[in-house]
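Asks: Read top to bottom, the protein sequences are chains P and Z. Start counting the first sequence at 2; every next residue gets the next number (our numbering). Start counting the second sequence at -17; every next residue gets the next number (our numbering).
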Amino acid sequence: SAVISQKPSRDICQRGTSLTIQCQVDSQVTMMFWYRQQPGQSLTLIATANQGSEATYESGFVIDKFPISRPNLTFSTLTVSNMSPEDSSIYLCSVVVLASGELFFGEGSRLTVL
Amino acid sequence: DAKTTQPPSMDCAEGRAANLPCNHSTISGNEYVYWYRQIHSQGPQYIIHGLKNNETNEMASLIITEDRKSSTLILPHATLRDTAVYYCIVNQAGTALIFGKGTTLSVSS
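1. Under DSSP, the beta strand (DSSP E) around P:Arg111 begins and ends at which residues?
2. Could one say the Cβ of P:Glu108 lies closer than 8 Å to chain Z's Cβ atoms, at least one of them?
3. Would you tell me roughly how many angstroms separate the C-alpha atoms of P:Gly1 and P:Pro72, rounded to the nearest one?
4. Using a Cβ-Cβ cut-off of less than 7 Å, list which residues of the stretch 49 to 64 of chain P approach chain Z; keep chain order.
5. I'd like to check one pair, Z:Ala78 with P:Leu46: are the Cβ atoms closer than 8 Å?
6. Step through the CB atoms of chain Z and report whether any lies within less than 8 Å of the CB of P:Gly102.
7. For P:Leu127, go through chain Z and note every residue whose CB falls closer than 7 Å to its CB, in chain order.
8. Decide if the stretch 22 to 36 of chain Z is in contact with the stretch -8 to 10 of chain Z; the criterion is three or more beta carbon pairs, one per stretch, under 8 Å apart.
9. Going along the chain, which residues of its own chain have a beta-carbon closer than 8 Å to the beta-carbon of P:Ser10, five neighbours each way excluded?
10. Please report the residue range of the beta strand (DSSP E) in which Z:His31 lies.
11. Does the count of Cβ pairs from the stretch 7 to 21 of chain Z and the stretch 60 to 77 of chain P closer than 8 Å reach three?
12. Can you name, in chain order, every residue of its own chain whose Cβ lies under 8 Å from the Cβ of Z:His31, other than the five neighbours on each side?
13. 8 Å is my cut-off, CB to CB: does P:Leu93 come that close to chain Z?
14. I'd like the span of the beta strand (DSSP E) that includes P:Leu44, first residue to last.
15. According to DSSP, is Z:Pro(-10) part of a helix, a strand, or is it coil?
16. Can you pull the chain P residues whose beta carbon is under 7 Å from the beta carbon of Z:Lys83, in chain order?
17. So for Z:Arg19, helix, strand or coil by DSSP?
18. Taking CB distances under 8 Å as the criterion, tell me whether Z:Pro3 reaches chain P.
19. Using 8 Å as the Cβ pair cut-off and three pairs as the minimum, do the stretch 89 to 99 of chain P and the stretch 54 to 65 of chain Z touch?
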């Protein structure tokens, strides 16, 4: 398995501000992904974080709103820009572990926008 | 879109086996069947996965039909801590998972 650390675990933010979420993994991984889980809903894939290049975004998600970085194999950040109350969600990092090929999730970052 | 169909909810008595069904009639030959669960306010937890053969680990068993169009996750002795949303996902190995709505399993004493 892999230990995935996400920071912050939760935050309360003001409308119009931006927040950066960090994801750090303790083992070698191949793929890293970011998901969003809105209240009472299932998980939705935001993007694939690519090392050293621009992330690959799913339909409905754009780089200006959710810029993503992945400077190395085990670290990635997701920024939620110009936040509105509709961005209140849990944001989750997930990784595919090199050794097993299995996909694991972090505990998520719970964001509340006032 | 998710390629699986699951009942929205199921109930199970503590100590009994919980059998969670999943239909995936359009599964491709190189796609695996994955099961994850999400306990309230936590990140999804990997349970088990399989391609064609039945699989068993310390958490659960996965039974896949011969035509691979459906599967069943079995929790042999459900406990209150198994109350969670269970997601059945079909996917190629090493790619992002696409989640459906899952099955909410409620285990009661």
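Glycine included, every Cβ here is placed at the ideal spot set by N, Cα and C.
Replies: From the atom records:
1. Position 110 of the first sequence holds residue 111 of chain P. From DSSP, the beta strand (DSSP E) with P:Arg111 extends over Ser110 to Val114.
2. Walking along the first sequence from the start, residue 108 of chain P turns up at place 107. Cβ-Cβ to chain Z under 8 Å: yes for P:Glu108.
3. Limits of chain P in this structure are 2 at one end and 115 at the other, which puts residue 1 of chain P out of reach.
4. Thr49
5. In the first sequence, residue 46 of chain P corresponds to position 45, counting from 1. In the second sequence, residue 78 of chain Z corresponds to position 96, counting from 1. In this structure, Z:Ala78 lies closer than 8 Å to P:Leu46 by Cβ.
6. The residue labelled residue 102 of chain P in the question sits at position 101 within the first sequence. Interface residue, yes.
7. Past the boundaries of the shown model lies residue 127 of chain P; chain P is included only from 2 to 115, so the question cannot be answered.
8. no
9. Position 9 of the first sequence, counting from 1, holds the residue named residue 10 of chain P. Here the set comprises Glu108, Gly109, Ser110 and Arg111.
10. On the second sequence, residue 31 of chain Z is found 49 positions in, with the first residue counted as 1. Counting along the chain, the beta strand (DSSP E) containing Z:His31 begins and ends at Gln27 to Gly32.
11. no
12. Residue numbering aside, residue 31 of chain Z sits at position 49 when the second sequence is read from its first letter. Hits under 8 Å: Tyr14, Val15, Tyr16, Trp17, Glu37 and Leu44.
13. Sequence index remark: in the first sequence, residue 93 of chain P carries index 92 (1-based). By this cut-off, P:Leu93 is an interface position.
14. Here residue 44 of chain P corresponds to residue number 43 of the first sequence, with the count starting at 1. Start and end: Leu44 to Ala50.
15. The residue given as residue -10 of chain Z occupies position 8 in the second sequence. The answer is coil: DSSP assigns Z:Pro(-10) none of H, G, I, E or B.
16. By 1-based counting over the second sequence, the position of residue 83 of chain Z is 101. Within chain P, the residues near Z:Lys83 are Ser43.
17. To locate residue 19 of chain Z, count along the second sequence from 1; it is residue 37. DSSP places Z:Arg19 in strand when its eight states are reduced to three.
18. One-based indexing of the second sequence puts residue 3 of chain Z at position 21. Z:Pro3 does not count as touching chain P.
19. no
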